[in-house]
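Novice:
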Amino acid sequence: MSQRKKILYGLFGIIIGLCVGALFRNYRTLEIVSMCNSINSMKQKTALEIIGLHPSEMPDNSQRNLVFVGVMTAKDFLQSRAKAVYDTWGKNIPGRIAFFSSEESVAENLPLVALRGVDDRYPPQKKSFMMLHYMYEHYIDRFEWFARADDDVFVRTDKLEQFLRSIDSSKPQFIGQAGRGNSEEFGLLSLEFDENFCMGGPGVIMSRETLRRVAPHIPTCLKNLYSTHEDVEVGRCVQKFAGIPCTWNYEMQSILHHNSSGNRAFSGNLKNKEVHSAITLHPVKRPALMYRLHAYTLGLKAQEFRQQSLLLHRDIAQMTTLLQIPKINKNLAPGVPIFPQDETSPAYLGDHNVLGS
Numbered sequence: 000m001s002q003r004k005k006i007l008y009g010l011f012g013i014i015i016g017l018c019v020g021a022l023f024r025n026y027r028t029l030e031i032v033s034m035c036n037s038i039n040s041m042k043q044k045t046a047l048e049i050i051g052l053h054p055s056e057m058p059d060n061s062q063r064n065l066v067f068v069g070v071m072t073a074k075d076f077l078q079s080r081a082k083a084v085y086d087t088w089g090k091n092i093p094g095r096i097a098f099f100s101s102e103e104s105v106a107e108n109l110p111l112v113a114l115r116g117v118d119d120r121y122p123p124q125k126k127s128f129m130m131l132h133y134m135y136e137h138y139i140d141r142f143e144w145f146a147r148a149d150d151d152v153f154v155r156t157d158k159l160e161q162f163l164r165s166i167d168s169s170k171p172q173f174i175g176q177a178g179r180g181n182s183e184e185f186g187l188l189s190l191e192f193d194e195n196f197c198m199g200g201p202g203v204i205m206s207r208e209t210l211r212r213v214a215p216h217i218p219t220c221l222k223n224l225y226s227t228h229e230d231v232e233v234g235r236c237v238q239k240f241a242g243i244p245c246t247w248n249y250e251m252q253s254i255l256h257h258n259s260s261g262n263r264a265f266s267g268n269l270k271n272k273e274v275h276s277a278i279t280l281h282p283v284k285r286p287a288l289m290y291r292l293h294a295y296t297l298g299l300k301a302q303e304f305r306q307q308s309l310l311l312h313r314d315i316a317q318m319t320t321l322l323q324i325p326k327i328n329k330n331l332a333p334g335v336p337i338f339p340q341d342e343t344s345p346a347y348l349g350d351h352n353v354l355g356s
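In terms of numbering that gives the first Met the number 0, the sequence shown has 6 at position 7, counting the first letter as 1, and numbering is strictly consecutive.
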């Protein structure tokens, strides 16, 4: 090969190398710019915009300001567990929900709060306390109740609303499944004989008054940790500055239910007392099981509506008979009959057997 051809091939190789290098550099630059834009767009959102709350919405003029649920998650679980929560019970909260993760977390499809100065290390003591402080700073006057949840808990939102509306939110309340640690930890958690804490797994609920009393002292609580357990330290902080323990109530074990089967929890038959009576179910480690629970509880809700419809139709049928209203007038509107089926039909809504069909 002549010297001239060698030079030409060499120049050609250099040009190709420069072009390929520039291409990869530009691609990486675009990737970084895209990530920065995502982070900036999230940082530019206000606390109210993150959860989709209008500034005029307050507890006294809105039915959707009952409870704020803060879900603790991690960057690695945003598109799995956290997404499953938001796709299922998270959108049916009688209030608002937000996911709290480390400072570097990004997820445009979730109402996410990336807590400044917080990482995803375990136990998440700092994350939990900073989440409570964020709730206090931005939402204290916007909701009656504040709940702390993990990304592996399932919540029956209809039961949660019914439960919370039966309790006075103006008083200091600290609601959860009370614990004092297991036998191996007894005496190591620095708890007095009459002290307890709300176990974090099945969920913890506090009234606005409780959060108002505790939140200003969170820096002090963070500086005085006596154990590695996040829920123990939150309970200690509430006991010290709000003056109340976790609810000493045996019923809380079934209302806020923890299944000890670990990763196999709620993978079997769901038709049981625990699932039907609980407000929260923990732990749900796999997103597929979260969707399965959601589908099952929707089926239970549909059955409840069907039973209510059956009872209403029975009342209407009884009243039309007592008032001697001709059958032809039994219409909700012209052409829309109250009883679409004939009374002799097996699908007639006055027949109790329809619930089993």
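Here a beta-carbon is modelled for each residue, glycine too, at the ideal position from N, C-alpha and C.
No experiment lies behind these values; they were computed from the predicted model shown.
Check whether the Cβ atoms of Gln172 and Ser206 lie closer than 8 Å to each other.
Specialist: Position 173 of the sequence shown, counted from the start, is the residue given in the question as residue 172. Position 207 of the sequence shown, counted from the start, is the residue given in the question as residue 206. Against a cut-off of 8 Å, the Cβ pair of Ser206 and Gln172 comes out as a contact.
Novice: Between Thr75 and Thr219, what straight-line distance do the alpha-carbon atoms span, to the nearest angstrom?
Specialist: Against the sequence shown, residue 75 aligns to sequence position 76. Against the sequence shown, residue 219 aligns to sequence position 220. Sequence check: residue 75 is Asp here, not Thr. Straight-line Cα distance between these residues: approximately 30 Å.
Novice: CA-CA distance, Ser40 and Glu103?
Specialist: As a first step, residue 40 must be located in the sequence shown, where it is residue number 41. As a first step, residue 103 must be located in the sequence shown, where it is residue number 104. With a pLDDT of 48 at Ser40, under the threshold of 50, the modelled position of this residue cannot be trusted; read the value that follows with caution. The alpha-carbon atoms of Ser40 and Glu103 are separated by roughly 14 Å.
Novice: Mind checking whether Ala146 and Trp247 have CB atoms under 8 Å apart?
Specialist: Reading the sequence shown from its first residue, position 147 is the one you call residue 146. Reading the sequence shown from its first residue, position 248 is the one you call residue 247. In this structure, Trp247 does not lie closer than 8 Å to Ala146 by Cβ.
Novice: To the nearest angstrom, report how far apart Ile337 and Gln302 are at their CA atoms.
Specialist: Taking the sequence shown and counting its residues from 1, one reaches residue 337 at position 338. Taking the sequence shown and counting its residues from 1, one reaches residue 302 at position 303. Roughly 19 Å separates the two Cα atoms.
Novice: Looking at the structure shown, is Ile92 part of a helix, part of a strand, or coil, going by DSSP?
Specialist: Walking along the sequence shown from the start, residue 92 turns up at place 93. Looking at Ile92 - three-state DSSP - the assignment turns out to be coil, as it is neither helix nor strand.
Novice: Grab me the residues of Ala294's own chain with a C-beta within less than 7 Å of its C-beta, minus the 5 sequence neighbours each way, in chain order.
Specialist: Taking the first residue of the sequence shown as position 1, residue 294 is located at position 295. Correct list: empty, nothing qualifies.
Novice: Going by the beta-carbon positions, is the gap between Asn258 and Lys284 smaller than 8 Å?
Specialist: If you number the sequence shown from 1, residue 258 lands on position 259. If you number the sequence shown from 1, residue 284 lands on position 285. Cβ distance not < 8 Å, so Asn258 and Lys284 don't count as in contact.
Novice: Starting from Ser206, follow the beta strand (DSSP E) in both directions and report where the run begins and ends.
Specialist: In the sequence shown, counting from the first residue as 1, residue 206 sits at position 207. Residues 203-206.
Novice: Along the chain, where does the alpha helix (DSSP H) containing Met129 start, and where does it finish?
Specialist: Counted from its first residue, the sequence shown places residue 129 at position 130. Met129 -> alpha helix (DSSP H) spans 124-138.
Novice: Leaving out five residues on either side along the sequence, give the residues of the same chain with a beta carbon under 6 Å from the beta carbon of Gln78.
Specialist: As a working note, residue 78 is residue 79 in the sequence shown. Cβ within range, chain order: n/a, list empty.
Novice: Of the choices Asp314, Gly334, Ile278, Leu288, whose alpha-carbon is the least far from that of Asp157?
Specialist: Within the sequence shown, numbered from 1, the residue matching residue 157 stands at position 158. Among Asp314, Gly334, Ile278, Leu288, the Cα nearest to that of Asp157 belongs to Ile278.
Novice: Below 8 Å, how does it come out for the region 80-87 and the region 106-121: are there three or more Cβ pairs, yes or no?
Specialist: Flag = yes, the region 80-87 and the region 106-121 touch.
Novice: Note down the Cα distance separating Asn64 from Pro54, rounded to an integer number of angstroms.
Specialist: Here residue 64 refers to the residue found at position 65 when the sequence shown is read from its first residue. Here residue 54 refers to the residue found at position 55 when the sequence shown is read from its first residue. Taking the straight line from one Cα to the other gives about 12 Å.
Novice: Would you identify the three-state DSSP class for Ala106, choosing helix, strand or coil?
Specialist: What you label residue 106 is simply residue 107 of the sequence shown in a count that begins at 1. Three-state result, Ala106: coil.
Novice: Leaving aside the five residues before and after Met289 along the sequence, list all residues of the same chain whose C-beta is less than 7 Å from its C-beta, in chain order.
Specialist: On the sequence shown, position 290 is the one that residue 289 refers to. The answer, listed in chain order, is Ala83, Val84, Thr87, Phe153, Val283.
Novice: Using beta-carbon positions only, say whether Val112 and Phe99 come within less than 8 Å of one another.
Specialist: Residue numbering aside, residue 112 sits at position 113 when the sequence shown is read from its first letter. Residue numbering aside, residue 99 sits at position 100 when the sequence shown is read from its first letter. Their beta carbons are under 8 Å apart, which means Val112 touches Phe99 by this criterion.
Novice: Pull up the distance between the alpha-carbon of Ala241 and that of Val233, whole angstroms please.
Specialist: As a first step, residue 241 must be located in the sequence shown, where it is residue number 242. As a first step, residue 233 must be located in the sequence shown, where it is residue number 234. Taking the straight line from one Cα to the other gives about 11 Å.
Novice: Looking only at C-alpha atoms, which of Ser165, Thr72, Pro325 sits nearest to Lys125?
Specialist: Translated into positions along the sequence shown, residue 125 becomes position 126. When only C-alpha atoms are compared, the closest one is Thr72.
Novice: If you reduce the DSSP assignment to three classes, tell me which class Cys236 lands in.
Specialist: Here residue 236 corresponds to residue number 237 of the sequence shown, with the count starting at 1. Correct three-state label for Cys236: helix.
Novice: Return the residue from the list Val117, Arg115, Gly199, Leu163 that minimises the CA-CA distance to Asp151.
Specialist: The residue you call residue 151 lines up with position 152 of the sequence shown. Nearest of Val117, Arg115, Gly199, Leu163 to Asp151, Cα basis: Gly199.
Novice: Which word fits Gly267, buried or exposed, when buried means at least 16 other C-beta atoms lie within 10 angstroms of its C-beta?
Specialist: For this step, residue 267 is matched to residue 268 along the sequence shown. Label assigned to Gly267: exposed.
Novice: Starting from Arg305, trace the beta strand (DSSP E) in both directions and tell me its first and last residue.
Specialist: Translated into the one-based positions of the sequence shown, residue 305 becomes position 306. Looking at the DSSP string, Arg305 is not in any beta strand (DSSP E); the run it does join, the alpha helix (DSSP H), is 286-321.
Novice: Pick helix, strand or coil for His257, following the three-state DSSP scheme.
Specialist: Sequence index remark: in the sequence shown, residue 257 carries index 258 (1-based). Strand.
Novice: With a 10 Å radius around its C-beta and 16 neighbouring C-beta atoms as the bar for buried, classify Pro123 as buried or exposed.
Specialist: Residue mapping note: residue 123 aligns to position 124 of the sequence shown, counting from 1. Buried, since its Cβ has 16 or more Cβ neighbours within 10 Å.
Novice: Report all residues from its chain with a CB closer than 8 Å to the CB of Asn195; omit the five preceding and five following residues, and keep chain order.
Specialist: As a first step, residue 195 must be located in the sequence shown, where it is residue number 196. Contacts found: Ala177, Gly178, Arg179, Gly234, Pro244, Cys245, Trp247.
Novice: Use the C-beta contact count for Ile13: other C-beta atoms within 10 angstroms, 16 or more gives buried, fewer gives exposed.
Specialist: On the sequence shown, residue 13 is found 14 positions in, with the first residue counted as 1. It is exposed - the Cβ of Ile13 has fewer than 16 other Cβ atoms within 10 Å.
Novice: Going by alpha carbons, who is nearest to Leu255 out of Phe142, Leu47, Asn91, Ile174?
Specialist: What you label residue 255 is simply residue 256 of the sequence shown in a count that begins at 1. Comparing Cα positions, the closest option is Ile174.
Novice: In terms of residue numbering, what span does the beta strand (DSSP E) encompassing Val70 cover?
Specialist: In the sequence shown, the residue the question calls residue 70 occupies position 71. Looking at the DSSP string, the run of the beta strand (DSSP E) that includes Val70 is 66-71.
Novice: Just the C-alpha distance for Arg155 and Asp118, rounded to the nearest angstrom, thanks.
Specialist: The residue labelled residue 155 in the question sits at position 156 within the sequence shown. The residue labelled residue 118 in the question sits at position 119 within the sequence shown. C-alpha separation (whole angstroms): 30 Å.
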